[in-house]
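Novice: Have a look at the structure that comes next, please.
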Amino acid sequence: MVSTIELSKRQDQILEIVKENGPITGEHIAEKLNLTRATLRPDLAILTMAGYLDARPRVGYFYTGKTGTQLLTESMKKLTVKDYQSIPVVVNENVSVYDAIVTIFLEDVGTVFVTDDNHHLAGVLSRKDLLRASLGQKELSALPVNIIMTRMPNITMCKKDDLLIDVAKKLIDAQIDAVPVVKETDKGYEVIGRLTKTNITKAFVALADQEG
Numbered sequence: 001m002v003s004t005i006e007l008s009k010r011q012d013q014i015l016e017i018v019k020e021n022g023p024i025t026g027e028h029i030a031e032k033l034n035l036t037r038a039t040l041r042p043d044l045a046i047l048t049m050a051g052y053l054d055a056r057p058r059v060g061y062f063y064t065g066k067t068g069t070q071l072l073t074e075s076m077k078k079l080t081v082k083d084y085q086s087i088p089v090v091v092n093e094n095v096s097v098y099d100a101i102v103t104i105f106l107e108d109v110g111t112v113f114v115t116d117d118n119h120h121l122a123g124v125l126s127r128k129d130l131l132r133a134s135l136g137q138k139e140l141s142a143l144p145v146n147i148i149m150t151r152m153p154n155i156t157m158c159k160k161d162d163l164l165i166d167v168a169k170k171l172i173d174a175q176i177d178a179v180p181v182v183k184e185t186d187k188g189y190e191v192i193g194r195l196t197k198t199n200i201t202k203a204f205v206a207l208a209d210q211e212g
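First residue of the sequence shown? That's 1 in full-length UniProt numbering, and the numbers climb one at a time after it.
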């Protein structure tokens, strides 16, 4: 169940008044509650910033009609990759499968990104790829990762200004755990970060906690 903002009794009363009488000025809301405008100011600010109410100069407050869950969903749709991406773990396309296995366990990640000699994205390697390659292979130190990696254009990736919710859908559709965050250049894609299911989950949980 998603956490939503928990309103005080007075804030609930304000919402009911605005629903029934909006648009209504802060002064008139205060009169109905037998309180001063200054006393209500923090509550009105909270309800407006949270999206329950909207305010127009010389008109007053009106109810937006949005529930806490709707407001939380709208907040999720504003989260972008750049605020939650991690440092990428990268290997050169000429390193061996053995070295890639060592890297993936030392860095404790599920996916490594493969770059060419110009530091542009060339492929992606997951733990499953490495496990599959290691089965029945005795010379892992002689097998380069570029033989087994997923290559362009079959790589799912994202950019720093993409929405987290859109990248989450990409991960689900492609059935993968991570994507490289890239910057497009004239010669290819430069890897500037990584976004994982864990990054996205932490972002959504933090937002729910904040809204709660």
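Think of the CB as a built atom: it goes at the ideal place given N, C-alpha and C, for glycine as much as any other residue.
As the structure is a computational prediction, the values presented were derived from the model and not from experiment.
(1) Assuming Pro88 contacts Arg10 under a Cβ cut-off of 8 Å, what Cβ separation, rounded to an integer in Å, is found between them?
(2) Looking at the secondary structure, which residues open and close the beta strand (DSSP E) in which Asn34 lies?
(3) Going by C-alpha to C-alpha distance, which of Ile172, Lys183, Leu163, Val182 sits closest to Ala203?
(4) With DSSP as the reference, identify every bridge partner of Thr196, one or two as the case may be.
(5) Among Ala168, Gly65, Lys187, which one has its Cα closest to the Cα of Asp117?
(6) Report yes if the CB atom of residue 233 is closer than 8 Å to the CB atom of Val167, and no otherwise.
(7) How big is the Cα-Cα spacing for Glu27 and Thr36?
(8) State the CB to CB distance for the pair Ser126 and Thr111, rounded to an integer number of angstroms; the pair is presumed to be in contact (CB under 8 Å).
(9) State buried or exposed for Leu130, treating a residue as buried only when at least 16 other CB atoms are found within 10 Å of its CB.
(10) Using a threshold of 8 Å, state whether the C-beta atoms of Thr196 and Ala174 are closer than that.
(11) So what's Arg58 in DSSP terms, helix, strand or just coil?
(12) Counting C-beta neighbours from all protein chains within 10 Å, is the total for Ile200 16 or more, i.e. buried, or is it exposed?
(13) With a floor of 4 residues, list each alpha helix (DSSP H) that falls wholly inside the region 68 to 146, ordered by position along the chain.
(14) Using only the alpha-carbon positions, how far apart do Lys169 and Lys159 sit?
(15) When the Cα atoms are used, what is the spatial distance from Ile176 to Leu140?
(16) Here's the rule I'm using: 16 or more other beta-carbon atoms within 10 Å means buried, otherwise exposed. How should Phe113 be labelled?
(17) Pick from Ile148, Pro153, Thr48, Leu135: whose alpha carbon is nearest that of Val18?
Specialist: From the atom records:
(1) Approximately 49 Å separates the beta-carbon atoms of Pro88 and Arg10; this is outside 8 Å, ruling out the contact.
(2) Counting along the chain, Asn34 falls outside any beta strand (DSSP E), and DSSP gives it neither H nor E.
(3) The candidate whose alpha carbon is nearest that of Ala203 is Leu163.
(4) Per DSSP, the beta bridge partners of Thr196 are Ala178.
(5) It is Lys187 whose Cα lies nearest to the Cα of Asp117.
(6) One cannot answer for residue 233 here, as it falls past the ends of the chain, which runs 1 to 212.
(7) The alpha-carbon atoms of Glu27 and Thr36 are separated by roughly 8 Å.
(8) With a Cβ gap of about 5 Å, Ser126 and Thr111 count as contacting.
(9) That one is buried.
(10) Contact flag unset, no.
(11) Coil.
(12) Taking a 10 Å sphere around the C-beta of Ile200, we find 16 or more other C-beta atoms and assign the residue as buried.
(13) The alpha helix (DSSP H) runs lying completely inside the region 68 to 146 and spanning 4 residues or more are 68 to 76, 97 to 106, 127 to 134, given in chain order.
(14) For Lys169 and Lys159, the distance between alpha carbons rounds to 14 Å.
(15) Approximately 24 Å, taken between the alpha carbons.
(16) Counting the other Cβ atoms within 10 Å of the Cβ of Phe113 gives 16 or more, which makes it buried.
(17) Comparing Cα positions, the closest option is Thr48.
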